[in-house]
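Encoded as structure tokens, the structure appears first; notes follow it.
Chains as they are written, first to last, in my numbering: chain R, 71 to 1074; chain W, 367 to 748.
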């Protein structure tokens, strides 16, 4: 009986013939087997002809207790139960599958809706990756590039995470996991609640209480009935236990919740994906920026240190040949540039003056930068000879000579004084010089001396271009002058009235004309001279220029990551972060920040002034703000300092830039001569000065707010010092009258006005014009302002750029940093005062500020060499002005100060006097004149701008924060409310249950 | 050997409300093709005859752009007005189609919201940064805009290729009628949903492609004969439908795959172009003014309006569009030049590959036709 039932064919549609299980015993209905042959035999015989599309189903099992008939094969679907890492693994794996789906669909047209849908997922991700890549390449800097990918990553992450965030409370409240997946019989991953009309209840049959699928054996070891998971879910959903078909009721209720949850998901995803992505990307910004800053700097530092090492080796080895130096530095000339260079040099090495100029221009522009051309040309000429000029007798030459003849005559005739005109023959005044025919004749005659008369005639007649030799050239020159003079010889200018010739004017005229023509013809001949250049020497110059350029590039690459004011450099990152921290530590409220961000500088400085005044009133607050600010300033400054030391070095160790300078100068001297060396020296000195100034600016920018607070705190004292004491601290009754503008005020008025004035100038722009203008605004009627009060400028500068007060020093609590700030303030003061202003010029030469500055610098090792360099840079800058002798004197003076007076404390009174003298002399010497504008650029950022910028940044960020967290909060609230209302009876869902008596019956 | 899916999508209309197993509809077991048409007709007939409130599904014959726009507007409005309320209520008859419709919502609002969030965080309190912020905003808005344009272009290239070469209009809408009376929670639910006939490869509505009014096989299979011409099949009018159907399925799968793939290329191209400086030459203020005051303003001569429309179309849109393409190709640095060139070339290559594959692989010439049995049914074998 069993066999009979097993022989009943049950059909199942089979779509892929490949899936036909050939090896399985196939027992088709007996009558179809011809001649009683077993079916398998036939199949083995004709393996290629599997034309049938159906295979019998598996036997249905025990016929006694199972219904007989058509029945699908059991489902192989299985719930997915994965932890976080497993799900990442399967996600990665699934993208591989999606790629296969794409291949099959796009190239073969095979696939189903499921597969095609997955291709869409793949393509959205690929497209987004493409967009990120394109946007990243459009960005200039690594952080901006990186953020494109971070943005992409957070976008997809938040897209993936949001349904899980929504799903968690839904699962906790109702036991329904809207993100639950299963793998269907065909191995496709799907969401259990994907299609509301398709409810695969079977997959829960052997799921344990946590939703983990078990094999039936395992399951029955733990539980005695099926669907325990659905039971639990039903309890959570509040489905009564004593109803019929409870599982079905639970599934219905679960699907209700799932539809609700997924609709909520779709309603909120459009908002939450960008919001969460934005928040996540923002959170990642700082670590990414830090990481990139650090790796970029370390990389650049390693490179420059490597360069430093190589420079040391070369300098020690004494190698000064440019080609060898190139080799040692591993510099290879770019073939493209070499080709351009070679194209500028003719093969025979003979080069016309114009081309010679072009070559010099090219080297100057392409490699060394402006200002080198003259020295370059000298070096080039050193390596070249001049050829004799090559003159061809041809039409061009003839025209040129005709023009010289005619122009010269006209020029001189115009110069004849009117009174003398009657002494010259009349025909001279409308004489046009030689004609072409006349020159033809001359040329033919000249040529005849070289080639004979007949040949010359032929050449002239046929207008052939022919070079002529030295003698012929001279003859040509002479003949042109003589021939031009021919029409008016002496005998033709006999003065008939006086019966005697007056030779003098005519003689002079003739001589002048002859000289002029000769000079012009000669100049023309000379202009046809060529350079015969030494190619090796030219290549050397080119290589030198290239090497110098390449070294500059290597140094600049380091500067770009560190101290340059460009995106993503260390400096830029400091500027992005630190002012905001200052702003925060100052404790501005939102209204004040808005004022700072949106109003003009005057209004902004009022806000600042108010806030500063409030802070200094509260002792604790003052201490805290100063401590915070100095902490931020220290980190910001120390980074830049490190980079500067790398480039310029300290007194113990030369910096890389210094070494480059030394090497290139000595190579230049060795191969190209002093001219190039001197030009280079000037260039490098200026660069060093520039770097140093950059460092000073940075310190000034970050220290200025601290100094401002310090001044606000000690305003009374400052005012007293300005009004009542002189710069040496001695009380002086007449000192106050030196401040012209204040002279007519009472003492209280003076103090009040000065207070307002000081507040204003420390908060606003640090330039003398601004100071003067402000003086005039503060003291209406005193139109002459500061310009007429040298003493007041000095006193005010002493306060604005003075040392910190004791309170502030105590609050900063870092002697070294305080010292750094004080020195910087003094440098700034000196720079500030050294401007083109007659009064101030006098002032600079009078005060001892410079002396103090130098003394302090002597005691501060890292700064010592910097300032030595900046000063020697300043001397170098004035070299042309000084002349060589004076230049050496001043330089010696500088060296003397820096070398001899190091241990300044140990010097005796006489020596001290000597230093004072020396320093003052140097200070006088270096009183180079800068314009006001340059000075204001040299100082750091003014306090108001500093805070305006910080406020704008902060406000933009606050706006973003408000919007993002507003959207986040709003959406979360709406979601929470919606989730709380899920799974309840409503318009769409009416729960009518058929109760049974025994609650135990529920569940099956 | 590929057999034609015989599952009639009508079954989905009477969708399975619940159950422990996927229900295999009885029609899926029908082995033949010939009977199907008749059965279909009978079924439709009987449905509309006996139950007045149930209509049969039908193709939107007047498949014009205006009609499709109308349908799309209606479908879009349905998302917040019908699908969201029904979904939030957890309607038992909520369908997968409705879920897919709601999934379009985040797709369309996500990009603009991200752009808006980005713009909110940009400093714009001083003149310089305000100008820069405006530039950033413009590029972002353009990026979002050209993203959608790129996606639409990718789809339309494939749609047109398939329509011209095979006569299969992937956008062909059909109206699906939904019974209200059988549906207890009919509230919010309309009696008609617009789908497209070829939206599913598994359940393609090939049943709608018969000419119901026809009497002879030629008349009934009128559309299939037309498809046959395009596919390069000359077959018995009785059988042509069953020969065509697997080819249509294959066309759908291939076309959809390439639509998605090309979308990736074209959106990259679009965003890349939006990021070019060509768009900075004109101001969005000027654009707005020209449109609101120059074209739609009061008291303006028709001639001037036309001129302004031309200015908007050429100076503000076409010219920067063309320039941005060349700028994207050239790039402003080595990296961006490589990126621009490779995106443009890859897009072109992918488009050509897609078109050539669709033209060759879906053609009947690429398939071996063989006769299986006496009834002359031709099946298509790969």
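Glycine included, every Cβ here is placed at the ideal spot set by N, Cα and C.
Buried or exposed (CB count within 10 angstroms, at least 16 for buried), residue i
i	result
residue 577 of chain R	exposed
residue 665 of chain W	exposed
residue 834 of chain R	buried
residue 773 of chain W	In the structure as shown, chain W begins at 367 and stops at 748. Residue 773 of chain W is therefore absent and cannot be evaluated.
residue 958 of chain R	exposed
residue 700 of chain R	buried
residue 542 of chain W	buried
heavy atom of the ligand ADP below 8 Å from residue i C-beta
i	result
residue 237 of chain R	This structure lacks the ligand ADP; in fact it carries no ligand of any kind.
Option in the options with minimal Cα separation from residue i
i	options	result
residue 389 of chain R	R/1019, R/501, R/737 and R/749	R/737
residue 185 of chain R	R/195, R/194, R/280 and R/168	R/168
residue 181 of chain R	R/258, R/742, R/151 and R/618	R/258
residue 462 of chain W	R/603, R/159, R/226 and R/333	R/333
residue 705 of chain R	R/233, R/772, R/717 and R/745	R/772
residue 790 of chain R	R/422, R/828 and R/398	R/828
residue 890 of chain R	R/774, R/1013, R/345 and R/412	R/774
residue 528 of chain R	R/464, R/469 and R/400	R/464
Residue i versus residue j - alpha carbon distance
i	j	result
residue 343 of chain R	residue 620 of chain R	48 Å
residue 578 of chain W	residue 606 of chain W	16 Å
residue 297 of chain R	residue 216 of chain R	50 Å
residue 409 of chain W	residue 567 of chain W	Low confidence applies to residue 409 of chain W: its pLDDT is 44, below 50, so where it sits in the model is not reliable, and the reading given next is rough at best. Rounded to the nearest angstrom, the two C-alpha atoms are 23 Å apart.
residue 354 of chain R	residue 649 of chain W	34 Å
residue 418 of chain W	residue 273 of chain R	Because the pLDDT of residue 418 of chain W is 42, which lies under 50, any placement of that residue in the model is unreliable, and the number read from its coordinates should be weighed accordingly. Rounded to the nearest angstrom, the two C-alpha atoms are 39 Å apart.
residue 565 of chain W	residue 522 of chain W	15 Å
residue 1049 of chain R	residue 240 of chain R	6 Å
residue 437 of chain W	residue 560 of chain W	7 Å
residue 967 of chain R	residue 961 of chain R	10 Å
residue 582 of chain W	residue 730 of chain W	25 Å
residue 635 of chain R	residue 765 of chain R	12 Å
residue 628 of chain W	residue 193 of chain R	8 Å
residue 534 of chain R	residue 417 of chain R	26 Å
N- and C-terminal bounds of the alpha helix (DSSP H) containing residue i
i	result
residue 253 of chain R	That residue, residue 253 of chain R, is in no alpha helix (DSSP H); its beta strand (DSSP E) goes 251-253.
residue 570 of chain W	Segment: none, residue 570 of chain W is in no alpha helix (DSSP H) and carries neither H nor E.
residue 507 of chain W	493-532
residue 519 of chain R	506-521
residue 539 of chain W	It is not in any alpha helix (DSSP H) - residue 539 of chain W instead sits in the beta strand (DSSP E) that spans 539-543.
residue 435 of chain W	431-444
residue 777 of chain R	744-783
residue 463 of chain R	First-last for residue 463 of chain R: 461-463, but that is the beta strand (DSSP E), not the alpha helix (DSSP H).
residue 1027 of chain R	1013-1050
residue 672 of chain R	671-687
residue 689 of chain W	685-696
Residue interval of the beta strand (DSSP E) (run including residue i)
i	result
residue 559 of chain W	558-562
residue 275 of chain R	Element bounds for residue 275 of chain R: n/a, residue is neither H nor E.
residue 537 of chain R	536-538
residue 602 of chain R	601-603
residue 261 of chain R	259-261
Interface residues of the segment 621-640 of chain W facing chain R [CB-CB below 8 Å]:
Answer set for the segment 621-640 of chain W: 622, 623, 624, 626, 627, 629, 630, 631, 633, 634, 637 and 638.
Listed from N- to C-terminal order along the chain, which residues in the segment 1046-1058 of chain R have their beta-carbon within a distance smaller than 8 Å of any beta-carbon of chain W?
Of all residues in the segment 1046-1058 of chain R, 1048, 1052, 1053, 1056, 1057 and 1058 have a Cβ within less than 8 Å of some Cβ in chain W.
The segment 560-576 of chain W: positions lying closer than 9 Å to chain R by Cβ:
Under the 9 Å Cβ criterion, the segment 560-576 of chain W contributes 565, 566, 567, 568 and 569.
Along the segment 333-356 of chain R, where does the CB come closer than 9 Å to a CB of chain W? Name the residues.
So the list reads 333, 334, 335, 336, 337, 338, 339, 340, 341, 342, 343, 344, 345, 347, 348 and 352, given in the order they occur along the chain.
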